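Enquirer:
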Amino acid sequence: MPVDLPRAVPRTRTRTRTDTASEERTTLETEGPWCTVVWNDPVNLMSYVVFVFRRYFGYSRVVAEQLMMQVHEDGRAIVSRGSREKVETDVQAMHSFGLQSTIEKAGEV
Amino acid sequence: MAHAFRRRPDGSLACRLDGEEKAIIAQVAQETADLIRADLGIDAGGDALRRAAESEDPLRRLEAEFAGREARTPSDSAVRRLFPAASEDPSLAEEYRRLGQRDLADGKIADLRRVMSILDAAGGGHGEVVLDEDEALSMLRALNDVRIVLADRLGLQRDGDFDTVRMLQQIGERVEDAGPSGDEEHVGSDIVIAVYELLSWLQESLLRALD
């Protein structure tokens, strides 16, 4: 993601990673053996990725920003889990927004 | 000169664009839609297919159904970015293309067409472009898809590549100032860079207005 957009720097950066990570665990759907993975790319704006995560998954700003930073810094993030059918729908939705996304079996990587 | 998107009291979103800016955005939206259609073979023989689908002959109907569901792996690198493999497992990826690629393409083309007609309706001169919430979503997705195509043409692979492209452009300008040059390829990429920047700025401004 391009990093030249000052507004996109999340206010949550001062928080510790464990804070947001535990929050994420309680908020993300944890059922099911399949995952939606979103991959980093040099085009999608940070603010757009946060917008998509909030809009499509209904995540709070904090969770959406944490996931966006994970994509940006680690190159990928698991953004949802569930039945294969649900995750297929999520991956297709990510593609409709122009995000690079794959379906993965939980625990594969 | 373009003015950023802002939320109006009635909840709609408005920006101001020059006639030339509207024409450029409409043109790249059109080119992106054309590229998707050409690369995925959409519309090719569409009429013949429709006739076959309505045929009395059950075998012809079956053939039409099969042909309609055929999903090509994109050959253009930009279209591959718009329609990425949904799985690292090639046979799963193939299955997802067959199941979902056509719907995905229809959605992307519908967004691009919608943006073109919004810009057409806004008229040729400098003026306001007004969107409702749903149109704003189409605009965000369409701007993003066009940026993905332009980024591919600029060879952007990793974070920071656009900064490098800009830096090389500026060095190129300085070299040109020093002596006569000006090959066409260079001019072409300058335009792509400028359009990419305009679309990125517009998308960011719409995201801020929506926030």
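Heads up: the protein sequence lines correspond to chains P and G, in order.
Heads up: the first sequence at position 23 corresponds to 24 in my numbering, and the numbers run straight through without jumps.
Heads up: the second sequence at position 41 corresponds to 45 in my numbering, and the numbers run straight through without jumps.
The beta carbon of each residue, even a glycine, is placed where N, CA and C say it ideally should be.
Quantities reported herein were computed from a predicted structural model and do not represent experimental measurements.
(1) Looking at chain P, which residues of the stretch 142-171 of chain G have a Cβ within less than 8 Å of any of its Cβ atoms?
(2) Compute the Euclidean distance between the alpha carbons of residue 154 of chain G and residue 62 of chain G, then round it to the nearest angstrom.
(3) Mind checking the stretch 76-97 of chain G against chain P and listing, in chain order, the residues whose C-beta falls within less than 8 Å of any C-beta there?
(4) Taking 8 Å as the cut-off, does the stretch 68-77 of chain P touch the stretch 10-23 of chain G (at least 3 CB pairs, one atom from each stretch)?
(5) Residues in its own chain within less than 7 Å of residue 54 of chain P by CB, not counting five upstream and five downstream?
(6) Between residue 46 of chain P and chain G, is the shortest Cβ-Cβ distance under 7 Å, so that the two count as touching?
(7) At 8 Å on the CB atoms, spell out the chain G contacts of residue 97 of chain P, in chain order.
(8) With a 10 Å radius around its C-beta and 16 neighbouring C-beta atoms as the bar for buried, classify residue 168 of chain G as buried or exposed.
(9) Would you please verify whether the beta carbon of residue 6 of chain G is less than 7 Å from any beta carbon of chain P?
(10) Tell whether a beta-carbon distance below 7 Å holds between residue 151 of chain G and residue 44 of chain P.
(11) Please list the residues of the stretch 26-52 of chain G that have a C-beta atom closer than 9 Å to any C-beta atom in chain P, keeping them in chain order.
(12) Examine chain P for any beta-carbon lying closer than 7 Å to the beta-carbon of residue 176 of chain G, and answer yes or no.
(13) Using 10 angstroms around the beta-carbon of residue 129 of chain G, count the other beta-carbons present and answer buried if the total reaches 16, otherwise exposed.
Expert: Taking the coordinates as given:
(1) 144, 145, 148, 149, 151, 152, 155, 160, 161, 162, 163, 164, 165, 166 and 167
(2) 44 Å
(3) 85, 86, 87, 88, 89, 90, 91, 92 and 96
(4) no
(5) 60, 65, 68, 69 and 80
(6) yes
(7) 108, 111, 112 and 145
(8) exposed
(9) no
(10) yes
(11) none
(12) no
(13) exposed
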